[in-house]
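In terms of full-length UniProt numbering, the sequence shown opens at residue 1 and continues consecutively. By construction, the Cβ of each residue, glycine as well, lies at the ideal position given by its N, Cα and C atoms. Note that the structure is a prediction, hence the values are computed from the model and not measured. Before any comments, here is the structure.
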Amino acid sequence: MRLLSKKQIRDLVLYSPQHIARLEARGDFPRRVKLGQCRVGWVEDEVMEWLKARIAKRDNPTDRS
């Protein structure tokens, strides 16, 4: 299992940290893992599945969910 840092997430999904936090709060983005007082990470597999779902949604425009 690999964890991604804030910078890696930002580079991968091209969203600001604030937007990622908003998506997380709504349950629309994988939840972060608290690693310490000031350190967090995201499970790479969960983020990649989220990205794959976004691509699938793009490729199937009749799916309105």
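Ranked by how close their Cα comes to the Cα of D28, the residues M1, V47 and K7 have V47 in first place. Residue burial annotation: P30 is buried, with at least 16 other C-beta atoms found within 10 angstroms of its C-beta.
If you look at G41, you'll find it in the beta strand (DSSP E) that goes V40 to V43.
Around R2, the same chain offers E44 as residues with beta carbons nearer than 7 Å, after the five sequence neighbours per side are excluded.
Boundaries of the alpha helix (DSSP H) around P17: P17 to R26.
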